[in-house]
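Notes for the one structure printed next.
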């Protein structure tokens, strides 16, 4: 599975809220995959979670003006905090120890 920086952190705290029932269901599937030990490829930009978001336009978050830039900054901070970078391959269990 492919995840962007801030999803490497926030998905640990996911509790079932989202834009729609389909989006919520998609996020739970992603959590289960991660918890099941699937290798996570760290990427920059829209990831496997973003694909289900109604605000994703191509590879850009169009939730509101400036959203994409804000999210990319969150990703950068998450990369630094977790000591990972785009292209890294990690396990959920290893990320849990850092979060």
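In my numbering, the protein residues as written are 14 to 112. In this text, a Cβ means the ideal position worked out from N, Cα and C, and glycines have one as well.
Which same chain residues end up closer than 8 Å to residue i when comparing Cβ atoms and leaving out the 5 residues on each side of it in sequence?
i          : result
residue 81 : 73, 74 and 75
Alpha carbon to alpha carbon, how far is residue j from residue i? Give it in angstroms, no decimals.
i          : j          : result
residue 56 : residue 69 : 16 Å
residue 84 : residue 91 : 10 Å
residue 39 : residue 32 : 11 Å
With DSSP as the reference, label residue i as helix, strand or coil.
i           : result
residue 28  : coil
residue 52  : coil
residue 104 : coil
For residue i, which residues in the same chain have their Cβ closer than 6 Å to its Cβ, ignoring the five residues on either side in sequence?
i           : result
residue 63  : 69
residue 108 : 21
residue 43  : 62
Which residues in the same chain have their Cβ closer than 7 Å to the Cβ of residue i, if we skip the five residues on either side of it in sequence?
i          : result
residue 77 : none
According to the Cβ coordinates, are residue i and residue j closer than 8 Å?
i          : j          : result
residue 52 : residue 17 : no
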